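Everything on this sheet refers to the single structure shown next.
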Amino acid sequence: MTQIIFYIFGAMLLLSATMVVVIKNPIHAALFLVLSFFSSAAVWLLLNAEFLAIALVLVYVGAVMVLFLFVVMMLDINLSTFKDGFARYFPLGIIIALLMVVAMGMIVGSDYFATDTYKQIDTSMTSSNTKLLGYAIYTDYLYQFEIAGAILLVAIIAAISLSMSKSKITKSTHPNEQVSVKKEDRLRVVKMKTEKKEE
Amino acid sequence: MLETLFHLISQYILLPLTLLIIPVNYQTEVMIFLQTAVKILAIVIPVLITVAYFTYAERKVIGFIQGRIGPNRVGFFGFRLWGLGQPIADAVKLIVKEIVIPLNANRSLFIIAPILSLAPALAAWAVIPFDDTKVLADINAGLLYVLALTSLAVYGVIIAGWASNSKYAFLGAMRSAAQIVAYEIAMGFALVGVLIAAGSLNLGEIVNAQSGSAIHWFWLPLLPLFVIYFISGVAETNRAPFDVAEGESEIVAGFHVEYSGMAFSVFFMAEYANMILIAVLSALLFFGGWLSPFQGVTFLEDFFSWVPGMFWLLAKTSVFMFLFLWFRATFPRYRYDQIMRLGWKVFIPITIVWLIVISVLVVANIPPWFS
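Residue numbers (the working numbering), protein chains in the order written: chain V, 27 to 225; chain Y, 729 to 1099.
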């Protein structure tokens, strides 16, 4: 049963990941990326990593890809320019892909990633995957976790400060002014004579 | 009663069926599969019936609030019965109607969109505990699962808006996307508060952590988070006063302006199913779920001890469902920039502050909640 489910989601993952690269329409590509996130979450669930799987859906599918789609839909993309690009960029793509495979192989195969250098988590404490992960992150790997958090914080601040550029185009309302407005500021009562109707 | 019914079905319908048809090696697995399917139906069918009569309740309640009567013509077999046949008549009408697909719409996505909006609303019910024992999937990370699935509902809206190839639909989708991302963060933080207070992500354990009395329920220590959770829930389901994604006075009907017939009706069902889901979650997370409100009261506790826990859960859920209708009849629609301001600049800071407060309460073992 588990095997059948694994093969279904594994096939779905590979298929959708391929479609992300192959398909022409950028919106469809983004949606296939969502599908591939979803199926990889399902594969993780089969490995009993329920926290990571649901966090993947929550963070990437629920938030990141929504904003991604938001941006892609707003862009005015001319589909015809994509048609001839594939053959031209193919050799370059192959080189980059090979480089990435080599880099990944060197990192994953190195001593740092050998499983015995990492402390095994004591699974006798509790069966909850989330609790185990929490203990591991906040005790053994606290520094790495905090550094990652700090890097993300810097990225957030940088992104916000980039978007805060004081250009004249942006219009904004100030709630303080709106709330503190009085009748006299907006309303002017003008007395005037009644006009005579033309006969 | 439900257990005996389930037992009867699995004993006398499913078991003979599998024994006759399925090869011996796979019988247990097929049996588990069929039993789960029966359980799923036992949840989904009542939810869909509730959705149908929730629309009726909405029209009646808002009617009475506005001094009208609401639907009162369609009944059964010549009896009007206060218009109780209305939802069924509506459903039949919508099924019979043609689904118009606009000429330049993206056909496949146009059809997938309503399905994508209804599916998460129904799938989230898998982890909802109706009782101490009655739950379809008693998973450890139930709260996270619910949060993840409610965040998926936005895809239906965005894809519908884009695939319709219409300006109004697209505007509705964009509004909805920005709004849901904003309120999901506040909602997530409110749920983190619940998780700190209960010390568990399992919904059943969260309810059991609230046992004691009505004072022990989390609404009191988590009052700001409860208010924010419910308001975010209203915003997340695109209901008035946060219904700018539809905004019929500004952008016609927003994301589903091009939809007709059953496709439109599926969006409608998804909206109401989501409302019921938010109501159930509010009852479970902040109001003690299936626990009796008279727990700990000497005389009344014994007096009401025969009432099943499911009744209390459904009663609490109904109160929150009524609140949704009440809000719609009471508040005018928010201006869009005010919605964003409320989400980002008011709710998120309050939740962060209250997370610190609740952590202090938990660490200091403040009675009666965390002793």
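Even glycine gets a Cβ: it sits at the ideal position worked out from N, Cα and C. Everything numeric in this text was worked out from a predicted model, so none of it was measured.
So, at 6 Å on beta carbons, what are the nonlocal neighbours of Phe954 of chain Y in its own chain, with the 5 sequence-adjacent residues on each side left out? Trp947, Phe1014
Counting contacts by CB-CB distance shorter than 8 Å, is Pro201 of chain V in contact with chain Y? yes
What is the rounded straight-line gap between the Cα of Glu933 of chain Y and the Cα of Gly1016 of chain Y? 11 Å
According to DSSP, what are the bridge partners of Phe1015 of chain Y? BP columns for Phe1015 of chain Y are empty, so no partner.
Compare the C-beta of Val97 of chain V with all C-beta atoms of chain Y and state if any pair is closer than 8 Å. no
For the structure I just gave you, are there three or more beta carbon pairs, one from the segment 1043-1057 of chain Y and one from the segment 1069-1085 of chain Y, closer than 8 Å? no
Sub-8 Å separation of Thr783 of chain Y and Pro815 of chain Y beta-carbons: yes
Residues in the segment 857-868 of chain Y with C-beta within 9 Å of chain V's C-beta atoms, listed in sequence order? Ile867, Asn868
Counting only runs that start and end within the segment 887-974 of chain Y, where is the alpha helix (DSSP H) found for 4 or more residues in a row? 895-926, 931-936, 951-964
Give me the residue from Y:Gly940, Y:Leu931, Y:Val994, Y:Leu1009 with the minimum Cα distance to Val962 of chain Y. Y:Leu1009
Which residues, in chain order, does the segment 739-766 of chain Y contribute to contact with chain V at a C-beta distance below 7 Å? Glu757
Out of V:Tyr164, V:Gln170, V:Met91, V:Val216, which has the shortest C-alpha to C-alpha gap to Leu57 of chain V? V:Met91
Out of Y:Ile768, Y:Val885, Y:Asp860, state which residue places its alpha-carbon closest to the alpha-carbon of Ser1020 of chain Y. Y:Asp860
Cβ atoms of Ala891 of chain Y and Ala833 of chain Y: under 8 Å apart, would you say? yes
Alpha-carbon spacing of Val789 of chain Y relative to Asn1002 of chain Y, whole angstroms: 19 Å
What does Val882 of chain Y reach in chain V if we use C-beta pairs closer than 7 Å? Val92
Taking only beta carbons into account, state which residues of the segment 929-941 of chain Y come closer than 9 Å to chain V, listed in chain order. Leu929, Asn930
Return the Cβ separation of Val802 of chain Y and Gly813 of chain Y in integer angstroms, given the expectation that the two are a contact with Cβ distance under 8 Å. 4 Å
From what residue to what residue does the alpha helix (DSSP H) around Ser66 of chain V run? 52-72
Please list, in chain order, the chain V residues whose beta carbon lies closer than 7 Å to that of Ala905 of chain Y. Val92, Phe96
Which one or two residues does DSSP pair with Phe804 of chain Y in a beta bridge? Y:Phe807
Taking 8 Å as the CB-CB cut-off, is Ser154 of chain V touching chain Y? yes
Let's test the definition: count the other Cβ atoms within 10 Å of the Cβ of Ile856 of chain Y and tell me whether it reaches 16, buried, or not, exposed. buried
Beta-carbon proximity of Leu82 of chain V to Phe63 of chain V, cut-off 8 Å: yes
Just to confirm the assignment, what range does the alpha helix (DSSP H) spanning Leu78 of chain V have? 76-82
List, in order along the chain, the chain Y residues whose C-beta lies closer than 9 Å to that of Ala43 of chain V? Here the premise fails: no neighbours, minimum Cβ distance about 19 Å.
List, in chain order, every chain V residue whose beta-carbon is nearer than 9 Å to that of Ile886 of chain Y. Val92, Leu95, Phe96, Met99
Would you please verify whether the beta carbon of Glu986 of chain Y is less than 8 Å from any beta carbon of chain V? no
Asp971 of chain Y classed as buried or exposed, judged by whether at least 16 other C-beta atoms fall within 10 angstroms: buried
Please check if any C-beta of chain Y sits within less than 8 Å of the C-beta of Met226 of chain V. Residue coverage of chain V in this structure runs from 27 to 225, which leaves residue 226 of chain V outside it and unanswerable.
Using 8 Å for Cβ pairs, my map puts Glu912 of chain Y next to Asn966 of chain Y. What's the rounded Cβ distance? The Cβ separation is near 13 Å, so there is no contact.
Tell me which same chain residues have a C-beta within less than 6 Å of the C-beta of Arg1061 of chain Y, skipping the five on either side of it? Pro969
Helix, strand or coil, according to DSSP, for Leu844 of chain Y in the structure here? helix
For chain V, check one thing: does any of its Cβ atoms lie closer than 8 Å to the Cβ of Trp1072 of chain Y? no
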